[in-house]
Amino acid sequence: GRVAPRGDGLMVLGPAPAPLSLLRGRYRRRFMIRADKGVKMQALINDWLSKVKTPGSVRVQVDIDPYSFM
148 GRVAPRGDGL MVLGPAPAPL SLLRGRYRRR FMIRADKGVK MQALINDWLS KVKTPGSVRV
208 QVDIDPYSFM
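When we follow my numbering, the leftmost residue of the sequence shown carries the number 148, and every step to the right adds one.
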């Protein structure tokens, strides 16, 4: 199913359309995950993505601490 990670000190925002929601013929959505310093983000994201089934036409790109949210 579509289950976002949950836990103390963790907040998942989204999905929401990206500011440039259509880029080069592809639709873009974004999530933002905010976590306290003690949360092991890399393990959490890897575990979450391993459980999510995405169609072959969907790409997932993770940007840790993005400079721009565009």
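Here a beta-carbon is modelled for each residue, glycine too, at the ideal position from N, C-alpha and C.
(message) Measuring only the C-alpha atoms, how far is Gly161 from Asp183?
(response) If you draw a straight line from the Cα of Gly161 to the Cα of Asp183, it is about 18 Å long.
(request) Over the uninterrupted alpha helix (DSSP H) stretch that includes Ser204, give me the two end residues. (result) No alpha helix (DSSP H) holds Ser204; DSSP gives it neither H nor E.
(request) Please work out which residues of its chain come closer than 7 Å, Cβ to Cβ, to Trp248, disregarding the five sequence neighbours upstream and downstream, and give them in chain order. (result) Since the displayed the chain opens at 148 and closes at 217, residue 248 lies outside it and no answer follows.
(request) Return the first residue and the last residue of the alpha helix (DSSP H) that Ala190 is part of. (result) 188-198
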